Structure formats: C-alpha cells, structure tokens
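FYI, numbering that gives the first Met the number 0 numbers position 9 of the sequence shown as 8, with every residue one higher than the one before it.
Using N, Cα and C, we set each Cβ at its ideal position, and we do this for glycine too.
The model shown is predicted, which means the values in this text are computed figures rather than measured ones.
Below is one structure; the comments refer to it alone.
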Amino acid sequence: MRPPEIETSTREEREQYIRETFRCRGDCDSCGFCAVYRGKTAETVYAEYIEGTRTFQEITQSYR
0 MRPPEIETST REEREQYIRE TFRCRGDCDS CGFCAVYRGK TAETVYAEYI EGTRTFQEIT
60 QSYR
C-alpha cells in the first residue's frame, strides 16, 4: 500500500498509515525498523509527514 498523499488525506489517515506500516513486530532481529530509524519511533521519524509539512518519500530518503 502506498502512503496517503498529503494533499488528499487527513492527518489521522497519515498517522494511521504510519502506525500500521511500522508497528512493532516484537522480533528485532528480523525486523530492523529500530536500527534503520536509529532507535526512534516511526511516529517521531514521520512526524512532519503526519503533520503534512514533508512528504513520506522525503523523510524516507533522508534515512537511506
């Protein structure tokens, strides 16, 4: 599923997308989200996307 576009989604829809996509799976060895995002929660990393000030792609690229 693609992330909702800022222009056509609500804050709540973007927040729900982040929570569902990056939910803790309880298996750190096979997941890797925490390592990629340097121990930050997805909600913290994507806060600007959730608020509608930066795109999902911009934030993702900054962590590559």
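Taking the continuous alpha helix (DSSP H) assigned at residue i, which residues delimit it?
i: S61; result: 55-61
i: S29; result: 27-30
i: E50; result: 46-50
i: T20; result: 10-20
Buried or exposed for residue i, please, with buried defined as at least 16 other CB atoms from any protein chain shown within 10 angstroms of its CB.
i: Y62; result: exposed
i: A41; result: buried
Give me the Cβ distance between residue i and residue j, rounded to the nearest whole Å; I'm assuming they're in contact under 8 angstroms.
i: P3; j: R13; result: 6 angstroms
i: I5; j: T54; result: 6 angstroms
Check: Quick check: the region 17-28 against the region 41-56, are there 3 or more CB pairs under 8 angstroms?
Finding: yes
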